[in-house]
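The structure appears below as C-alpha cells.
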Amino acid sequence: MSQAELDSGRRKLDWARSHMPVHAELRRRYSEQRPFDGVTIAVGSHIEAKTGVFIETLAAAGADVVFTNSVSATTQDDVVAALLQLQHVQGYARHGCSDNELHELHLQTLRHGPQLILDDAAELTALMLDQCPDLRPRVLGVCEQTSTGVQRLQAMARDGVLSFPALAVNDTPMKHDFDNVHGTGESALTNLLAVTNLLLAGKRVVVAGFGYCGQGVAYKAQGWGARVTITEIDPRKALRAHMAGFEVAPMTDAVRNGDIYITTTGNRDVLRREHFEYMRDGAVIANAGHFHVEIAVHELQAMARGMREVRPGISEYELSDGRRINVVAHANLVNLAAPTSMGHPIEVMDQTFAMQFVAALYLLQHRARLGAGVHALPTEVDAEVAALKLASLGISIDRLSATQQDYIHAWRIGDIQSP
Ligand code: NAI
1 MSQAELDSGR
11 RKLDWARSHM
21 PVHAELRRRY
31 SEQRPFDGVT
41 IAVGSHIEAK
51 TGVFIETLAA
61 AGADVVFTNS
71 VSATTQDDVV
81 AALLQLQHVQ
91 GYARHGCSDN
101 ELHELHLQTL
111 RHGPQLILDD
121 AAELTALMLD
131 QCPDLRPRVL
141 GVCEQTSTGV
151 QRLQAMARDG
161 VLSFPALAVN
171 DTPMKHDFDN
181 VHGTGESALT
191 NLLAVTNLLL
201 AGKRVVVAGF
211 GYCGQGVAYK
221 AQGWGARVTI
231 TEIDPRKALR
241 AHMAGFEVAP
251 MTDAVRNGDI
261 YITTTGNRDV
271 LRREHFEYMR
281 DGAVIANAGH
291 FHVEIAVHEL
301 QAMARGMREV
311 RPGISEYELS
321 DGRRINVVAH
331 ANLVNLAAPT
341 SMGHPIEVMD
351 QTFAMQFVAA
361 LYLLQHRARL
371 GAGVHALPTE
381 VDAEVAALKL
391 ASLGISIDRL
401 SATQQDYIHA
411 WRIGDIQSP
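Structural data, given as C-alpha cells:
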C-alpha cells in the first residue's frame, strides 16, 4: 500500500465523516460507555468511505471489527488501506476480486469467530451456516441491512437452520423509507447519467419492480421529465403504480418502446432473451437490485455477434440484426459498481448504518429474550435514530399532550367524542 493510497482513503473518510452527524452523536454517546467491549463484530458491506465511518464508530464503541466486502466491484482499496490502520479493525476486502477470491475473503472474516454479524444480503450468515457450522455456537445474532438479505434470512428460518436471532434492519422505516427510496432513487439515476452522459428528460424509462427502490427510481425519473413505465408481479404494487400516474405493463410489452431499463426487484432473469429480442436499438439497461442476476446477461451474450466496451462501464452488445443493447456495469448495482459510482448519498448511509449500530446494541442487550428467528426492530429504536437525525438538522417537532396521549389509547364512545 502506498502513502498516496493511504492519504486518499483518509481524505474520503474525512469527507464522509463530516457529513454523518448521527454517527458523530453515536461516537459521543458510546465511546466512553463502550457497550461493545470484548465483542467481535463482522461487517459485510460495500467497503467505501461511509461504511468506513460506520466501522470506525463500532470500534470507538469498543468492538473488535472485522470487515469484508459484500460485492467485489464496489470496494475502494484506498479506504480499505486507511481502515486497516485503525486499532481494533481488521479486514479482508479487495476491489475486482473474482467470485472465488471473494468467497475466500468471507471465510477469512468468519474465521475471526464473530459474535455479531452485521450483514448485507445475508452473505456472511449464509456462508457461516452452510460451511462453518463450528462457528455457529459463538454467534449471538445478525443484523441485516437489505431486502434481499431479509428474504434469505426468512428462508433460513423456514428451513429451521437459523439458530440465533436476526434483526430485519432493512424493514425499519428509518432504513427503507430513506435508503431504498431516496438513496437508490437518487444514486441509481445520477450514476446512470454520469456513466452514459445521456439526458433523462423525455426518455421512456422502464422500472422493473415498484417496491421501495423501484418507487424511488420511478418518482425521481418522473421528476426529471422521463416517461416511466412500471412492470410488477404483485397486483397491489401494480395498482399503486397505476394510481400514482405511471403506465403499468408486462415486460414483454414494455420492451417494445423503452429507452432505459432499470431493474429493482431482488429477483432473477427479469430481463432475458425474450425481452432482448424486442428492445430498441441503443437501449440502455442497468440493475439497481442487489445481485447482477436480475439481468440475464449470459443470454444477451449468447445472442450477440459482438461486444465492445463502448464507454467505461458500458458494454455494448451488437445483435445479428444490427441492434445494439448497452449493459451498464455488467448488471452489477448501477449506483455502486459503475466506474464513477459512489453509492448512496452520505446522509442516507448515516441513517442506514446508525440503524445497524442501534440494532446491534439492541440485539446485544436483549439477546436473552429474543429467540432464534427473524425479528422486527422495536419502533422506539427506529424513532430514536429519527430523533437524532432531526436534531442534527435543527428541526423540532410537536409533542403529544397528556390529553392527546389518553385520547389515542381510548375506545369508549364518551372518551372519543367528549369535548
Ligand atoms: P421490495 O420487496 O420493496 O421491492 C421489490 C419489488 O419487485 C416488489 O414489489 C416485487 O413485487 C417486485 N418484483 C419481484 N419480482 C419481479 C419481477 N419478476 N418483475 C417485476 N417486479 C418484480 O424490495 P426493495 O427494498 O425495493 O429492494 C429491491 C432490491 O434492491 C433488493 O435486491 C435489495 O436488496 C436491493 N437494494 C439495492 C440498493 C442499492 O443500493 N441499489 C439499496 C437497497 C436495496
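1 is the number of the first residue of the sequence shown in our numbering; add one for each residue after it.
Ideal Cβ placement from N, Cα and C applies to all residues, glycine included.
Ranked by how close their Cα comes to the Cα of Met-243, the residues Thr-229, Ala-254 and Thr-252 have Thr-229 in first place. Looking at Ile-117, Ser-72, Ala-49 and Ile-295, the one whose alpha-carbon comes closest to that of Val-66 is Ile-117. Two segments are said to touch when three or more pairs of C-beta atoms, one from each, lie closer than 8 Å; by this definition the region 56-72 does not touch the region 126-141.
Inside the region 123-198, DSSP marks whole beta strand (DSSP E) runs of 3 or more residues at positions 141-144 and 165-168, from first to last along the chain. Across the structure, Ala-194 and Val-293 are spaced so that their CA atoms are roughly 23 Å apart.
Distance from Gly-289 to Thr-252 at the Cβ level is roughly 20 Å; contact not present, criterion being Cβ atoms closer than 8 Å. Counting only runs that start and end inside the region 243-293, the beta strand (DSSP E) elements of at least 3 residues fall at 260-263 and 283-287. Non-local C-beta neighbours of Leu-153 in its own chain, meaning closer than 8 Å and more than five positions away in sequence, comprise Ala-122, Thr-125, Val-142, Glu-144, Leu-162, Ala-166, Ala-168 and Val-374, ordered along the chain. In this structure, DSSP gives Ala-208 an extended state, which the three-state scheme calls strand. Ile-41: member of the beta strand (DSSP E) spanning 40-45, first to last residue. The alpha-carbon of Pro-21 is positioned some 12 Å away from that of Thr-57. Under the three-state reduction of DSSP, Met-307 is assigned to strand. In the displayed model, Arg-236 falls within a helix according to three-state DSSP.
In its chain, beyond the 5 residues on either side, no residue has a beta carbon closer than 7 Å to the beta carbon of Gln-3. Beta-bridge partners assigned by DSSP to Ser-315: Glu-309 and Val-327. In the three-state scheme derived from DSSP, where H, G and I count as helix and E and B as strand, Gln-90 is classed as strand. Not a single heavy atom of the ligand NAI lies less than 7 Å from the C-beta of Lys-12. Between Arg-324 and Glu-318, the C-beta gap is smaller than 8 Å, which places the two residues in contact. If you draw a straight line from the Cα of Ile-233 to the Cα of Ala-254, it is about 14 Å long. Setting aside the 5 residues that flank it on each side, Leu-393 has no residue in the same chain whose C-beta is closer than 7 Å to its C-beta. As computed with DSSP, Asp-119 is found in a beta bridge with Glu-144. Within the DSSP secondary-structure output, Phe-67 pairs in a beta bridge with Val-43 and Gly-91. Relative to Cys-97, the option among Ala-73, Glu-186 and Gly-414 whose CA is nearest is Ala-73. Under the three-state reduction of DSSP output, His-375 falls in the strand class.
Nearest to Val-39 by alpha-carbon distance, out of Lys-50, Ile-47, Ala-24 and Ala-60, is Ala-60. A direct Cα-Cα distance of roughly 7 Å separates Val-89 from Leu-83.
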